[in-house]
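Below is one structure; the comments refer to it alone.
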Amino acid sequence: GVRHAFGPVTPDDVPALLRGDFPGHGPTEQIPFFARQTRLTFARCGVIDPLSLADYEAHGGLLGLRAAIAAPEAIVPTMVASGLRGRGGAGFPTGIKWKTVAEAEGSRKYIVCNADEGDSGTFADRMLMEGDPFSLIEGMAIAGIGVGATKGFIYLRSEYPDAHSTLLQALEIARENGLLGPSVLGSGFAFGIELRLGAGAYVCGEETSLLNSLEGKRGVVRAKPPLPALEGLFGKPTVVNNVLSLATVPVIFEKGAENYAGLGVGRSKGTMPIQIAGNVKFGGLFEAPFGLTLGEIVHAVGEGTRSGRPVKAVQVGGPLGAYFTPEQFATPFTYEDFDAAGGLIGHAGVVVFDDSANMMAQARFAFEFCAVESCGKCTPCRIGAVRGVEVIDRMAAGEHLGALLTDLCETMRDGSLCALGGFTPYPVMSAYRLFPDDFAAAKEAAE
2 GVRHAFGPVT PDDVPALLRG DFPGHGPTEQ IPFFARQTRL TFARCGVIDP
52 LSLADYEAHG GLLGLRAAIA APEAIVPTMV ASGLRGRGGA GFPTGIKWKT
102 VAEAEGSRKY IVCNADEGDS GTFADRMLME GDPFSLIEGM AIAGIGVGAT
152 KGFIYLRSEY PDAHSTLLQA LEIARENGLL GPSVLGSGFA FGIELRLGAG
202 AYVCGEETSL LNSLEGKRGV VRAKPPLPAL EGLFGKPTVV NNVLSLATVP
252 VIFEKGAENY AGLGVGRSKG TMPIQIAGNV KFGGLFEAPF GLTLGEIVHA
302 VGEGTRSGRP VKAVQVGGPL GAYFTPEQFA TPFTYEDFDA AGGLIGHAGV
352 VVFDDSANMM AQARFAFEFC AVESCGKCTP CRIGAVRGVE VIDRMAAGEH
402 LGALLTDLCE TMRDGSLCAL GGFTPYPVMS AYRLFPDDFA AAKEAAE
């Protein structure tokens, strides 16, 4: 049948809703926010009972896994052909990572799902784990069969109690129905998944810190090489993928690699679940092929600021993402274009700020965030973030420290062991470069 949308709904509205005379918004698929989307990864979210395996299968679930089981030798080549890139931030080709693990020598191999979604303004992982957990389980099973791994781990952030409860139940249902176990769907391939909770450290979203935490060690970054694909969890070859990457895998095997690769632009293949937040009229999850411009996302989809004031800046890629001005809104939402513009897509969080935002304060927040969340292993991150807060405070007091700020950011970018310290300069320097008036205003006020 046709789904109809209602909302906002209060408890007092329920009788009218059940009678059928509560005013609604019409068919869900015709609402502009949804009509513009191409939902592949999130096609079932909000449509099915997340804990009904029968409902999952009725909406195309397990077709991808069955196709993969029928031709296990084609799993890795299919992933390479799909062009899927990691949705957790780095954008590394998923198929290449799987190929490396598949060809690596090891008595055991592992699949690790990074569900430690900690970026501000991001919520896609949580939505998927709560709304369609079997897609993640199915994707991990395909990955395991493809690379020769028999054990998987989901590393979930502790702040997601609903996702934790849903995943626990979904994993038990999957075991009871042969989706996990000694013979996945009777194929003879063994694969099991264990759910582990993090302890709230942002840096454990970095793959090597996550692996240390899984091993029961302190969550600090490991130096690379060796790469986790060669020496990962417990020193064994390990695939570390984000929730969205793994949940997209079943779609690729259901519809075909060519179908998926046909969406998007250039080397940015497929769709991206964009999370729109901040001072925006219509926030939420918007899944669409790569190629939309940043301006379309903010104005056509989000319909501008909630306050009604002009957009001043948009931060893309979480708290360590660069800021963009309205003059840059023609930038296509692709990995290559954002890299060329001095930014990063990251987890595809888009946070909107109106003209009341103080970008000097935002730059200070980036340093402060890094100082609090640093694991402390490398000096550029551990000390650099603290010095960064001090430099911004001195600039606010009227000192001319632009050259010192630039030098500090270059040191952090080039010398940090991981992206926490390495990417903190993105928001700082983009704010300093694009909004010099905010820094000048602080100087004038101090004088």
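All residue numbers for the sequence shown refer to my numbering, where the first residue is 2 and numbers rise by one.
C-beta atoms are modelled at their ideal positions from N, C-alpha and C, and glycine is treated no differently.
Within the DSSP bridge table, the entry for K152 names Y111 and G193 as partners.
Sequence-distant Cβ neighbours of Y203 in its own chain, meaning closer than 6 Å and more than five residues away, are G119 and E374. Per DSSP, the unbroken beta strand (DSSP E) holding Q276 starts and ends at T272 to G279.
Distances from the alpha-carbon of A71 to those of H348, G279 and E255 put E255 closest. In the three-state scheme derived from DSSP, where H, G and I count as helix and E and B as strand, D355 is classed as strand. Under DSSP, G265 takes part in a beta bridge, and its partners are K270. Shortest Cα-Cα distance from S83 to any of L64, T249 and G206 involves T249. Comparing C-alpha distances from V81 to each of P238, G61, A362 and A103 shows the shortest one belongs to A103. With fewer than 16 other Cβ atoms from the protein chains shown falling within 10 Å of its own Cβ, L18 counts as exposed. Assignment of F370 by DSSP, reduced to helix, strand and coil, places it in the helix class.
By the criterion of a C-beta distance shorter than 7 Å, A372 is surrounded in its chain by A386, V387 and V390, once the five residues flanking it on both sides are discounted. Counting along the chain, Q316 sits inside the beta strand (DSSP E) bounded by residues V312 to V317. Restricting attention to F7, D50, D338 and R434, the CA atom closest to the CA of T407 is found in R434. The criterion of a C-beta distance shorter than 8 Å is not satisfied by H165 and L172. E131 counts as buried, since at least 16 other C-beta atoms from the protein chains shown sit within 10 angstroms of its C-beta. L54 sits away from F124, with the two beta carbons spaced by 8 Å or more. Restricting attention to A36, A175 and T79, the CA atom closest to the CA of A69 is found in T79. Relative to the Cα of E297, the nearest Cα in the group R307, G309 and I277 belongs to I277. The beta carbon of R109 is closer than 8 Å to those of A150, T151, K152, F235 and K237 in its chain, skipping five residues each way along the sequence. DSSP places F7 outside both helix and strand once states are collapsed to three, so it counts as coil.
When the alpha-carbon of M396 is set against those of P426, V15 and P437, the nearest one is in P437. In summary, K225 is exposed, with fewer than 16 beta-carbon neighbours lying within 10 Å of its beta-carbon over all protein chains present. Within the same chain, and ignoring the five residues on either side of S121 in sequence, the residues whose Cβ sits closer than 6 Å to its Cβ are P320. F34 sits away from E288, with the two beta carbons spaced by 8 Å or more. F23 counts as exposed, since fewer than 16 other C-beta atoms from the protein chains shown sit within 10 angstroms of its C-beta. Leaving aside the five residues that flank K270 on each side, the residues in its chain whose CB is nearer than 6 Å to its CB run, in chain order, G84 and A262. Closest in alpha carbon position to R127, among T101, E160 and F154, is E160.
Excluding its 5 nearest sequence neighbours in each direction, I143 has C-beta neighbours in its own chain below 8 Å: G65, L66, A69, I76, V250, P251 and F254, listed in chain order.
When DSSP states are grouped into helix, strand and coil, T101 belongs to the helix group. Comparing alpha-carbon positions, the option among D14, V15, V48 and R40 lying closest to G2 turns out to be V48.
Where L286 is concerned, the enclosing beta strand (DSSP E) starts and stops at G285 to P290. Going by DSSP, N243 is part of the beta strand (DSSP E) stretching over T239 to N243. Between the alpha carbons of V302 and A36 lies a distance of about 11 Å. In this structure the segment 355-369 lies against the segment 419-430, because at least three pairs of beta carbons, one per stretch, are closer than 8 Å. Annotation: the continuous alpha helix (DSSP H) that includes A55 extends over L54 to A59. With the rule of 3 Cβ pairs closer than 8 Å, the segment 311-318 counts as touching the segment 339-349.
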